[in-house]
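Down below is the structure, laid out as structure tokens.
Number of protein chains: 2
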Amino acid sequence: MGKYLPENIVTSETLEKAHGIKEGWSEKYSGVQERRFVTHEHNGYMGVQALKMALQKSNTRIEELDMLISASATYDYIIPNQSSIILNELAGDSDITIPCTDINTTCLGFISSLDYASKLLDGKRFKKIAIVNSELASKGLDPSCWETFTLLGDGAAASILEFDENGSSGVIHADMKTYPSGTYLTIIKGGGMKNFFKDHLYDPAFFSFTMEGRKVLKLARKTLPPFIDAFFRDLGMDIHDVDHIIPHQASKVGLAMFRKMFSLNGDQVFSNLATHGNCISASVPMCLFDAIESGDLKRGQICLLIGTSAGFSIGSVLFKY
Amino acid sequence: MGKYLPENIVTSETLEKAHGIKEGWSEKYSGVQERRFVTHEHNGYMGVQALKMALQKSNTRIEELDMLISASATYDYIIPNQSSIILNELAGDSDITIPCTDINTTCLGFISSLDYASKLLDGKRFKKIAIVNSELASKGLDPSCWETFTLLGDGAAASILEFDENGSSGVIHADMKTYPSGTYLTIIKGGGMKNFFKDHLYDPAFFSFTMEGRKVLKLARKTLPPFIDAFFRDLGMDIHDVDHIIPHQASKVGLAMFRKMFSLNGDQVFSNLATHGNCISASVPMCLFDAIESGDLKRGQICLLIGTSAGFSIGSVLFKY
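So the protein sequences, as listed, match chains A and B. Sequence positions in the first sequence follow my numbering and run 318 to 638. Sequence positions in the second sequence follow my numbering and run 318 to 638.
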């Protein structure tokens, strides 16, 4: 795996002072002490830095990749897709022709892509697949909306999956459910075809990410327990038997609710919210990177990735590392 | 399958008169006599109409679907993803929880999704998968750019794939290649994070789809023959043995070049460009719908889907219907 964080560290103190936010609000309510906001970086740049590191760490040459997935909710251009931009920045002057596909399940981008890519890996057409999650949240935030402005951050992670002939590591189970009662609880109203920018002058509230935080939490509280019950039903184990749990870094309240709901202890549940913020689809793979680099997640251990996303969806992958 | 075309038929004569385009230019250069432009319709609406027809024609209940893929380049909102919007408009008042995923390979959306979905279908977790391609091109066109303005159209198609226990129909081979030398030949410059709408006042040239048509054609001319050679190399057949070929309706010149390049006759190669225009990812599945409905494509026959997309990519799926 690889990871890239923008150089510019923005502390909550700085953010609060610059935008008239009450002192200490960010840490208290969002749980974020500092996050990165891009300066010169953009989605493609961050993704390429993370992917270069992943290639290096796994001793993989670019041309060995059989597929490049970009699984982010933010992107450099509407057209072409982001994976093509990443390939261009990585190998634009070569004759490498890795198929480039974007997958978008917003915050669940890494979890969904890991699920699908693990099913594509067949040791023949697909031996190695790269997944890039590069998120630039900071441009789509409205400083007057403290809840989202103090919560989100920018960053990228990249992962290289390889078909394992020995079967000693791999996905054990995966599932995703989309609950249509929550479709519009998290939304960017402007910028798509429905409210095209031609017809709407820029307005930060209309063109920024908004969420009805309490309603999302209420829906998650209702849907997570039956989702997890069904997920583990036929596996002969339950959530407490998992060595490491990496949840999407949705919010301080969301993470606390999740731990309490399943009586999980702090050691079992990984979090980098305080130092990274919620980095959309990059949060889960950045945590996974940190868990591997720190030695917390060891080969042979069982890890559960779980998250919620706009839509409203829950997604989860259980795998043996 | 299902299909939806917006009610509003726009003839090339109307378009030319309204925008000061030389009479007959559209048919002569783009090959389009008429196309549909949305009035009240949007991406979600068109997609849902097509999906409802596909469900009805295949006697499928919504709750039988194990996955809903939206594989379009245009969308109602940046967040949430388009597949969640479609599920909401289809079943928002129910407790149906079909996993919703967006796949974006621009014009190759259907071809890529058919490829990946066919690999996901395992008769267990994935028995039935719906793919929706709903494209609203008309809002992202610049009337002063005749080449794209007279070429593109709006429309939607939906497809339901089912795991075939008997193996009498299915994907025979699929491949995709992305050529990074063509990344920026087709682009919408504004609207992503790189040129965020906050920093750029709306300008039709900057926020509309542009392509360097001649350079795209040149790259296609160079890359298509080796792509097709490699595609059929181990299959014991060549492109002339295929019963039906459905190419992406890229352009009149592109289609003519493709036919000439492989000495294909008109009957073998399906086209609806004159009456639909280029409808981005919806073109291929709308042609497939028409080929099935007209009885041209019969059960047991071999069909090749092939297209190019922004990126620049070539993708192809060979299947037995």
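Using N, Cα and C, we set each Cβ at its ideal position, and we do this for glycine too. A quick note: this is a predicted structure, and the numbers were derived from the prediction, not measured.
Quiz item: Residues of chain B with a CB under 7 Å from the CB of Phe514 (chain A): which are they?
Solution: Gly508, Phe514, Tyr519 and Phe524
Quiz item: What distance in whole Å lies between the Cβ atoms of Ile386 (chain B) and Thr418 (chain A), which are believed to be in contact at a cut-off of 8 Å?
Solution: That pair is no contact at about 12 Å.
Exercise. Run the CB neighbour count on Lys506 (chain A), radius 10 Å, all protein chains shown included, and call it buried at 16 or more, exposed below.
Key: buried
Quiz item: With distances taken between CB atoms, is the gap from Thr391 (chain A) to Asn360 (chain A) smaller than 7 Å?
Solution: yes
Quiz prompt | Reduced DSSP secondary structure (H/G/I, E/B, other) of Gly374 (chain A) | solution = According to the sequence displayed, residue 374 (chain A) carries Lys and not Gly. It is helical.
Quiz item: At which residues does the beta strand (DSSP E) containing Cys417 (chain A) begin and terminate?
Solution: Cys417 to Asn421
Practice problem: Pull up the CB-CB distance for Ala371 (chain B) and Ala447 (chain B), whole angstroms please, since I reckon it's below 8 Å. | Solution: 7 Å
Quiz item: Residues bridged to Phe466 (chain B) by DSSP?
Solution: Phe466 (chain B) pairs with nothing; no bridge assigned.
Exercise. Please check if any C-beta of chain B sits within less than 7 Å of the C-beta of Pro543 (chain A).
Key: no
Exercise. Could you have a look at Asp393 (chain B) and say whether DSSP puts it in helix, strand or coil?
Key: coil
Exercise. Leaving out five residues on either side along the sequence, give the residues of the same chain with a beta carbon under 8 Å from the beta carbon of Phe548 (chain A).
Key: His490, Asp492, Ser633 and Leu635
Self-check item: Endpoints, alpha helix (DSSP H) assigned at Arg437 (chain A)
Solution: Residue identity check: residue 437 (chain A) is Leu in the sequence provided, not Arg. That run of the alpha helix (DSSP H) goes Gly426 to Leu437.
Self-check item: First through last residue of the alpha helix (DSSP H) which encompasses Lys535 (chain A)
Solution: Gly530 to Phe549
Exercise. Please state if the CB of Glu381 (chain B) and the CB of Lys445 (chain B) are separated by a distance shorter than 7 Å.
Key: yes
Self-check item: Rounded straight-line distance, which links the Cα of Leu322 (chain B) to that of Val349 (chain B)
Solution: 16 Å
Quiz prompt | Nearest-angstrom beta carbon gap, Ala474 (chain B) and Ala599 (chain B) [assumed within contact, 8 Å] | solution = 5 Å
Quiz item: Would the beta-carbon of Ile623 (chain A) fall within 7 Å of that of Pro564 (chain A)?
Solution: yes
Quiz item: Of all the CB atoms in chain B, is at least one closer than 7 Å to the CB of His359 (chain A)?
Solution: yes
Quiz item: What in chain A is Cβ-close to Lys456 (chain B), meaning under 8 Å?
Solution: Met510, Phe513 and Lys515
Exercise. Give a yes or no on whether the C-beta atoms belonging to Ile562 (chain A) and Ile545 (chain A) are separated by under 7 Å.
Key: no
Exercise. Please classify Asp492 (chain B): does DSSP put it in a helix, a strand, or coil?
Key: strand
Quiz item: Is it buried or exposed for His357 (chain A), if we count other Cβ within 10 angstroms and need 16 for buried?
Solution: exposed
Quiz item: Around the Cβ of Ser642 (chain B), are there at least 16 other Cβ atoms within 10 angstroms (buried) or fewer (exposed)?
Solution: Residue 642 (chain B) is absent from the model: chain B starts at 318 and stops at 638.
Quiz item: By how many angstroms is the C-alpha of Lys374 (chain B) removed from the C-alpha of Val601 (chain B)?
Solution: 19 Å
Practice problem: List the DSSP bridge partners of Tyr362 (chain A). | Solution: DSSP lists no partner for Tyr362 (chain A).
Quiz item: So who's on the other strand from Met384 (chain B), going by DSSP bridges?
Solution: B:Ile446
Self-check item: Enclosing alpha helix (DSSP H) for Ser329 (chain B) [first to last residue]
Solution: Ser329 to His336
Self-check item: Ser461 (chain A), buried or exposed, once every other Cβ within 10 Å from all chains shown has been counted against 16
Solution: exposed
Quiz prompt | Proximity winner among A:Arg550, A:Gly426, A:Arg616 and A:Gln566, relative to Tyr638 (chain A) (alpha-carbon distances) | solution = A:Arg616
Quiz item: Would you report the Cα separation of Asp516 (chain B) and Leu536 (chain B), rounded to the nearest angstrom?
Solution: 33 Å
Practice problem: Would you grab the beta carbon distance between Ser455 (chain A) and Phe354 (chain A) for me? Rounded to a whole angstrom, and I think it's under 8 Å. | Solution: 4 Å
Quiz prompt | Boundaries of the alpha helix (DSSP H) in which Arg576 (chain B) is found, first to last residue | solution = Lys569 to Met578
Quiz item: Mind checking if Thr500 (chain A) is an interface residue toward chain B, Cβ cutoff 7 Å exclusive?
Solution: yes
Quiz prompt | Collapsed DSSP secondary structure at Val586 (chain A) in the structure displayed | solution = strand
Exercise. Measure the CB-CB distance between Cys596 (chain A) and Glu452 (chain A) and report whether it falls below 7 Å.
Key: yes
Quiz item: Helix, strand or coil: which one does DSSP assign to Tyr321 (chain A)?
Solution: strand
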